[in-house]
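Read through the structure below, which is laid out as structure tokens, and then see the notes.
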Amino acid sequence: MNVLHFIQQFFSDSAHWHGYDGIPTRLREHVQYSLIALGIAAAIGLPVGLVTGHTGRGGNSLALIATAARALPSFGLLVLMFVLLGLGHLPVMIPLVVLAVPPILVTTYEAMRSVDPSPVDAARGMGMAESRILFHVELPVALPLILSGLRSAAIQIVSTATIAAYVSLGGLGRYIVDGLYQRNYEKVVGGASLVAVLALVTLGFFWAVARLTVSPGVRRGH
Amino acid sequence: MIRIDSVTKRYPDGTVAVDRLSLDIPDRAITVFVGPSGCGKTTTLRMINRMIEPSEGTILIDGKDILKEPVNTLRRSMGYVIQNAGLFQHRTIIDNIATVPRLLGWDKARARDRARELMGRVGLDPALAKRYPYQLSGGQQQRVGVARALAADPPVLLMDEPFSAVDPIVRKGLQDELLRIQDELGKTIVFVTHDIDEAVKIGTKVAVMRTGGRLAQFAPPAELLTDPADAFVEDFLGADRGIRRLSFFPAAGLPLLTTPVVAVDATAEQIAARATPDVPYLLVTGLDGRPLGWGEPHTLTAGRIDPARLIGHGRPFEHATESLRAALDCAVLSPTGWAVAVGADGRVTGVVSQQTVAEAIRSAHAAAPADEKAAR
Ligand SMILES: Nc1ncnc2c1ncn2[C@@H]1O[C@H](COP(=O)(O)OP(=O)(O)O)[C@@H](O)[C@H]1O
Ligand SMILES: [Mg+2]
Chain H
0 MNVLHFIQQF FSDSAHWHGY DGIPTRLREH VQYSLIALGI AAAIGLPVGL
50 VTGHTGRGGN SLALIATAAR ALPSFGLLVL MFVLLGLGHL PVMIPLVVLA
100 VPPILVTTYE AMRSVDPSPV DAARGMGMAE SRILFHVELP VALPLILSGL
150 RSAAIQIVST ATIAAYVSLG GLGRYIVDGL YQRNYEKVVG GASLVAVLAL
200 VTLGFFWAVA RLTVSPGVRR GH
Chain P
0 MIRIDSVTKR YPDGTVAVDR LSLDIPDRAI TVFVGPSGCG KTTTLRMINR
50 MIEPSEGTIL IDGKDILKEP VNTLRRSMGY VIQNAGLFQH RTIIDNIATV
100 PRLLGWDKAR ARDRARELMG RVGLDPALAK RYPYQLSGGQ QQRVGVARAL
150 AADPPVLLMD EPFSAVDPIV RKGLQDELLR IQDELGKTIV FVTHDIDEAV
200 KIGTKVAVMR TGGRLAQFAP PAELLTDPAD AFVEDFLGAD RGIRRLSFFP
250 AAGLPLLTTP VVAVDATAEQ IAARATPDVP YLLVTGLDGR PLGWGEPHTL
300 TAGRIDPARL IGHGRPFEHA TESLRAALDC AVLSPTGWAV AVGADGRVTG
350 VVSQQTVAEA IRSAHAAAPA DEKAAR
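Taken in sequence, the protein lines are chains H and P.
Just so we're aligned, residue 0 is where the first sequence starts under numbering that gives the first Met the number 0, counting upward by one.
Just so we're aligned, residue 0 is where the second sequence starts under numbering that gives the first Met the number 0, counting upward by one.
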């Protein structure tokens with residue numbers, strides 16, 4: 000029995016395409032958890048990264064927090080949260096967000112710091128307000144790097160969101176956790192390959208976003 | 000007028016970058032700050048648009064303290080050009096230039112029209128409008144920087160080493176272009192450079208600064224070259240200031256000889272009539288009046304002088320517009336020791352010897368101090 004055979008078995012079983020444990024439902028749940036976690040992580044990481052990067056202040060403490068956060072094991076955190084908070088969405092979201100904030104925050108900060116200072120100086124000298132400098136001078140140039148931070152965060156979230164299944168939630172992790180429990184390896188492999196495909200789709204999505212939002216004048220340099 | 004009134008800048012680390020600087024920057028002229036690296040030129044310039052706040056002293060524009068105005072209003076009334084142009088790499092050339100008009104609330108179409116007009120003014124091909132900065136050469140980027148600074152037609156232009164990062168030939172082009180633009184627009188320009196040649200070439204007045212942020216001399220370039228205030232300024236001006244000073248005396252006063260000039264189809268009588276004992280050579284011109292070269296009278300074949308057998312005439316100088324420095328240079332480089340003067344159309348207007356140029360220099364020097372006193 001090889002992996003390809005498992006995959007073929009899994010996807011050709013029509014039972015896997017309907018109902019509350021069907022692929023569409025699990026996929027939707029997985030995407031939903033991932034989007035929420037990415038949204039929260041971006042809402043924390045982007046503004047802090049943009050502002051600290053623009054002002055150049057707080058870089059050291061930022062690096063420290065990020066390193067500490069990276070050292071936390073997601074699964075351990077999940078168990079801890081489950082013990083503290085019980086079942087539900089919150090114990091899942093916290094580890095995912097903790098996982099995703101550091102790459103977003105650090106990359107955004109670095110992206111802003113690496114912007115050539117002379118256009119910023121020129122913009123300030125011509126009387127541009129600081130907020131406008133941030134959004135209209137620095138951000139467009141920092142965007143490719145910022146998007147790459149969001150992309151790695153998104154991919155980590157997509158692969159880690161499988162842990163939701165451990166606290167009785169849905170998502171593609173269901174197939175892996177249940178498959179392991181039932182010794183149904185077809186299911187395990189099927190679930191894992193769906194996660195991999197979703198990660199690839201995420202990559203493609205960020206590639207498309209970069210194509211659409213990054214100016215051709217900037218794109219060339221990266 | 001921009002008045003800098005006993006301004007001192009002390010950085011938090013204790014460095015005194017500018018020390019009790021006082022001077023008046025005249026309107027509609029180019030004032031150049033020049034001095035060795037680290038002498039406080041950039042600090043001085045950036046205090047004028049409040050990128051840096053003075054520790055002591057005041058800066059007044061038309062009698063009004065610049066601290067009284069909202070900082071971004073002040074900055075939008077001053078064009079700002081920096082060394083590496085500082086273009087926005089994500090914006091096209093035309094949108095870079097339109098930046099300040101857009102900040103001032105102009106609609107996009109009007110701002111772009113204005114930007115297109117400025118591209119012409121600074122000598123940029125309109126085809127570059129839709130390009131991005133990385134697609135331009137350093138010199139072109141610097142032109143865009145100047146156009147962007149001029150876009151909202153500010154009365155004041157601040158320029159910090161704008162041409163220092165480009166090669167000498169491109170730099171000369173940019174300097175000439177700036178002088179031409181200034182002739183048309185008459186801005187109050189404050190220009191920082193470490194290059195004394197650049198300062199002398201483009202400055203209406205030049206402020207020489209010394210390390211420690213003190214003013215060593217503030218004078219028109221000709222006066223600087225004639226009468227350096229002290230050994231520091233003299234040293235900074237370099238060894239050939241005497242020659243460079245000649246740039247400020249027009250060649251138009253030079254008496255030209257028109258006798259020793261013949262056309263390429265001159266007859267024997269014409270050649271004989273033109274040859275004089277004081278001039279060992281005759282200058283032969285083409286039928287279009289342009290110089291071909293020098294020849295001794297007895298070697299010239301009447302009716303069909305062979306241009307290939309003439310002695311080169313070197314670079315001619317334009318009598319009406321160039322300086323004694325150009326005339327002297329032509330005379331020195333000419334194999335015969337005679338310089339050829341031409342009009343704007345390139346036709347020969349006469350010839351002049353090294354001796355005559357030297358006499359003109361002596362009398363110009365003798366007259367100069369009186370002229371300068373009269374000018375003050
Ligand atoms: N932000 C700063 N903090 C401390 N010292 C500075 C700062 N900026 C400039 N300086 C110092 O002030 C002096 C003048 O600098 P600057 O005005 O940039 O000189 P210039 O433009 O003539 O080369 C130099 O000694 C420089 O090192
Ligand atoms: Mg400087």
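Cβ atoms here follow ideal geometry from the backbone N, Cα and C, with glycine treated the same way.
When every heavy atom of ligand 1 is checked, does at least one fall within less than 7 Å of the C-beta of P:Lys171?
At a threshold of 7 Å, P:Lys171 does not count as near ligand 1, since its beta carbon sits no closer than that to any of the ligand's heavy atoms.
Measuring CB to CB, does P:Val205 end up less than 8 Å from P:Phe235?
no
The alpha helix (DSSP H) that contains P:Val99, what's its start and end?
If you look at P:Val99, you'll find it in the alpha helix (DSSP H) that goes 98-102.
Pull up the distance between the alpha-carbon of H:Arg218 and that of P:Pro53, whole angstroms please.
Between the alpha carbons of H:Arg218 and P:Pro53 lies a gap of roughly 40 Å.
Compile a chain-ordered list of the residues in the segment 117-134 of chain H whose CB is closer than 7 Å to at least one CB of chain P.
Ser117, Pro118, Asp120, Ala121, Arg123, Gly124, Met125, Gly126, Met127, Ala128
Under 8 Å between beta-carbons, which chain P residues line up against H:Pro215? List them in chain order, please.
Tyr131
Using CA atoms only, rank isn't needed, just tell me which of P:Arg324, P:Ile304, P:Ala340, P:Gly302 is closest to P:His318.
For P:His318, the nearest C-alpha among the options comes from P:Ala340.
Going by CA-CA distance only, name the one from H:Asp12, H:Leu179, H:Ala128 that's closest to H:His53.
H:Ala128
Contact set for P:Ser163: own chain, Cβ-Cβ below 6 Å, skip 5 residues either direction:
Same-chain partners within the cutoff: Gln82.
Does any residue of chain H bring its CB to less than 8 Å from the CB of P:Gly85?
It does; some Cβ of chain H falls within 8 Å.
Would H:Ala160 and H:Leu95 be called neighbours here (beta carbons separated by less than 8 Å)?
A contact, by the Cβ cut-off of 8 Å.
Nearest neighbour of H:Ala110, chosen from H:Asp120, H:Leu197, H:Leu133, H:Ala122 [CA to CA]
H:Leu133
Neighbour flag for H:Val136 against chain P, beta carbons, 8 Å:
Yes, contact with chain P.
CB contact flag (P:Ile201, P:Arg120, <8 Å):
no
In terms of residue numbering, what span does the beta strand (DSSP E) encompassing P:Arg2 cover?
1-9
Please decide whether H:Val140 counts as near chain P, where near means a Cβ-Cβ distance under 8 Å.
Yes, H:Val140 counts as interfacial toward chain P.
Tell me the rounded alpha-carbon separation between P:Val165 and P:Leu173.
Looking at the two C-alpha atoms, the distance is approximately 9 Å.
Cutoff 7 Å; reference P:Ile29; Cβ partners in own chain excluding five residues on either side:
Gln181, Ile188, Phe190, Ile201, Gly202, Thr203
Determine the DSSP secondary structure at P:Glu317, reduced to helix, strand or coil.
strand
For P:Arg74 and P:Leu66, I'd like the C-alpha separation in whole angstroms.
12 Å
Please report the straight-line C-alpha distance between H:His221 and H:Pro143, rounded to a whole angstrom.
A caution first: H:His221 carries a pLDDT of 47, below 50, which makes its placement in the model too unreliable to give a value.
Who are the Cβ neighbours of P:Arg324 in its own chain at under 6 Å, not counting the five residues just before and after it?
Leu245, Ser246
Enumerated in chain order, which unbroken segments of the beta strand (DSSP E) with a length of 3 residues or greater are wholly contained in the segment 8-90 of chain P?
Whole beta strand (DSSP E) segments, 3+ residues: 15-24, 29-33, 55-60, 77-80.
Run of the beta strand (DSSP E) containing P:Ala215, from where it starts to where it stops:
213-218
Would you say P:Val99 faces chain H, with C-beta separation under 8 Å as the test?
yes
Among P:Gly211, P:Gly185, P:Phe87, which one has its Cα closest to the Cα of P:Leu20?
With respect to the C-alpha of P:Leu20, the residue from P:Gly211, P:Gly185, P:Phe87 having the closest C-alpha is P:Gly211.
Would you please state the rounded distance, in angstroms, between the beta carbons of H:Thr201 and H:Ile154? I believe it to be under 8 Å.
6 Å
Quick check on H:Val66: buried or exposed, where buried means 16 or more other Cβ atoms within 10 Å of its Cβ?
Note on identity: in this sequence residue 66 of chain H is Thr, with Val being the wrong assignment. Here H:Thr66 is exposed, its C-beta having fewer than 16 other C-beta atoms within 10 Å.
State the DSSP-derived secondary structure class of P:Leu309, mapped to helix, strand or coil.
coil
For P:Cys38, is the beta carbon positioned less than 7 Å from some heavy atom of ligand 1?
Taking 7 Å as the cut-off, the C-beta of P:Cys38 counts as close to a heavy atom of ligand 1.
Can you give, in chain order, each stretch of the beta strand (DSSP E) that sits fully within the segment 91-156 of chain P and has at least 3 residues?
none
Straight-line Cα distance separating P:Val15 from P:Thr42
In this structure, the straight-line span from the alpha carbon of P:Thr42 to that of P:Val15 is close to 10 Å.
Leaving out the 5 sequence neighbours to the left and right, which residues in its chain are closer than 8 Å to H:Leu179 when beta-carbon positions are compared?
Val187
Which parts of the segment 141-214 of chain H are runs of the alpha helix (DSSP H), unbroken and 4 residues or longer, counting only runs that do not cross its ends?
172-181, 184-212
Would you check if there are 3 or more beta carbon pairs closer than 8 Å linking the segment 219-239 of chain P to the segment 271-288 of chain P?
no
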